[in-house]
Every structure is written in C-alpha cells, then in structure tokens.
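With our numbering, the residue at position 50 of the sequence shown is 150, and numbering never jumps.
These notes are about the structure you will find just below.
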Amino acid sequence: MRIALYQPDIAGNVGTVLRLGACLGVAVDLIEPMGFAWSERAWARAAMDYAGKVAVTRHVDWDAFLAASRGRIVLATTAADAVPLPDARFAGDDILLLGSEGAGVPAGVHARADLAVRIPMRAGLRSLNVAVAGAIVLGEALRQTGGWDQLTD
C-alpha cells in the first residue's frame, strides 16, 4: 500500500501525510511540481522527526509516476459518480492517490485511475482536508487488507 500526492500545494499537508505514512508503515509518492519550494530543509521541516521513518519517492511529473508505479491507482475524489468508500474493495498493493488541495486532479488523471472512491459526507459540504481524507481512505484500505495486523503498539 502506498499514498501518492498529486502536485500538492500545502507543505503542512505533505508533512501530515508523511507522518501518517511513517506511523502506519506506508510509503509516500510525491508527484511534482509542488506548490512550494522543496529542499532538504523543507523536507526536514515538513516531516519533523519522522523524516527517517517513511519511504518517500519524488516523481518529476505524472508520467514518471506512472512509469514507476506497480499496483492499482485508487483516486480519492469528491466526484458524485465515484464508488462510496464503504462499497470500495481494496488490495494490498493499491496506490491511494490524493489530488492537490486547490485543483484536485485533471480529467486525464481522473480517467487513468483504476478505481475512484468518495467519502460520504453531509449534503452541502464540499470536501475534507486532503490529509484527513487520505487518512480515512487509508484506514479503510488497511482494515480490508489486513494492514493493521502488520503494526505493533
């Protein structure tokens, strides 16, 4: 299981997802360009003391990410035609793709996803924070695939 961030805009959300990946043993892919400068210093600041505990792969663009990817791409989206999260079925080698905070993903990326899932929400509300949405989808994916059993307290 992996989490991929498509052209993230907010460094703090990247840091939150890196911490999530570290704590739950899930690798993180960062698909560039990002909406903020990335450097070793930014990496250390975003990941804090979790930097050495999460496997991170940077991809220069979407095509580079696709070339390196193995497994199904599962897009978390707000699209009405996506499968509601409780009805989705996950596999252990899925890549959970999260769009950028400001724009989501373009139509071509959306079309390339093997599965699009949405988190059911109350009517009239637009979306969750991307890191929160990623944690919810990851939690369900780990539950279904036995991923929680791989962790120790």
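Yeah, the Cβ is synthetic: ideal placement off N, Cα and C, and Gly gets one too.
All figures in this text were calculated on a predicted structure; none of them were measured in a lab.
Checklist entry - Are Leu196 and Gly234 touching if we call contact CB-CB under 8 Å? => result Within the sequence shown, numbered from 1, the residue matching residue 196 stands at position 96. Within the sequence shown, numbered from 1, the residue matching residue 234 stands at position 134. A contact, by the Cβ cut-off of 8 Å.
Next on the checklist: Between Ala164, Gly112 and Thr245, which has its C-alpha nearest Val232's C-alpha?
Outcome noted: Here residue 232 corresponds to residue number 132 of the sequence shown, with the count starting at 1. Gly112 is the residue among Ala164, Gly112 and Thr245 whose C-alpha sits nearest the C-alpha of Val232.
Checklist entry - Is Asp187 helix, strand or coil by DSSP? => result Counting from 1 along the sequence shown, the entry for residue 187 is found at position 87. Correct three-state label for Asp187: helix.
Next on the checklist: Need the endpoints of the alpha helix (DSSP H) that Arg119 sits in, please.
Outcome noted: Position 19 of the sequence shown, counted from the start, is the residue given in the question as residue 119. Start and end: Ala111 to Leu124.
Checklist entry - Between the C-alpha atoms of Ala241 and Phe190, what's the straight-line distance to the nearest angstrom? => result Along the sequence shown, read from residue 1 onward, the residue named residue 241 stands at position 141. Along the sequence shown, read from residue 1 onward, the residue named residue 190 stands at position 90. If you take the alpha carbons of Ala241 and Phe190, they lie about 6 Å apart.
Checklist entry - Who are the near neighbours of Ile173 in its chain, counting only those whose CB is closer than 6 Å to its CB and skipping five residues on each side? => result The residue you call residue 173 lines up with position 73 of the sequence shown. The residues are Ile195, Leu197, Ala213 and Asp214.
Checklist entry - Hey, quick one: how far does the alpha helix (DSSP H) through Gly167 stretch, first residue to last? => result Reading the sequence shown from its first residue, position 67 is the one you call residue 167. Correcting the residue type first, residue 167 is Ala in the shown sequence and not Gly. Trp162 to Ala168 is the extent of the alpha helix (DSSP H) around Ala167.
Item to check | Bridge-paired residues (DSSP) for His159 | outcome: Working through the sequence shown from its first residue, we reach residue 159 at position 59. Paired residue(s): Ile131.
Checklist entry - Is Ala104 buried or exposed, if buried means 16 or more other CB atoms sit within 10 Å of its CB? => result One-based indexing of the sequence shown puts residue 104 at position 4. Its Cβ being crowded by 16 or more others within 10 Å, Ala104 is buried.
Checklist entry - Candidates Trp138, Met101 and Met134: which alpha carbon is nearest Val128's? => result In the sequence shown, counting from the first residue as 1, residue 128 sits at position 28. When only C-alpha atoms are compared, the closest one is Met101.
Checklist entry - Can you tell me whether DSSP reads Ile219 as helix, strand or coil? => result Your numbering for residue 219 matches position 119 in the sequence shown. In the structure shown, Ile219 sits in coil (DSSP, three-state: anything other than H, G, I, E or B).
Next on the checklist: Would Ser227 and Tyr106 qualify as a contact pair, given that the criterion is a beta-carbon distance under 8 Å?
Outcome noted: Start at 1 with the first residue of the sequence shown, and residue 227 comes out as number 127. Start at 1 with the first residue of the sequence shown, and residue 106 comes out as number 6. Contact flag unset, no.
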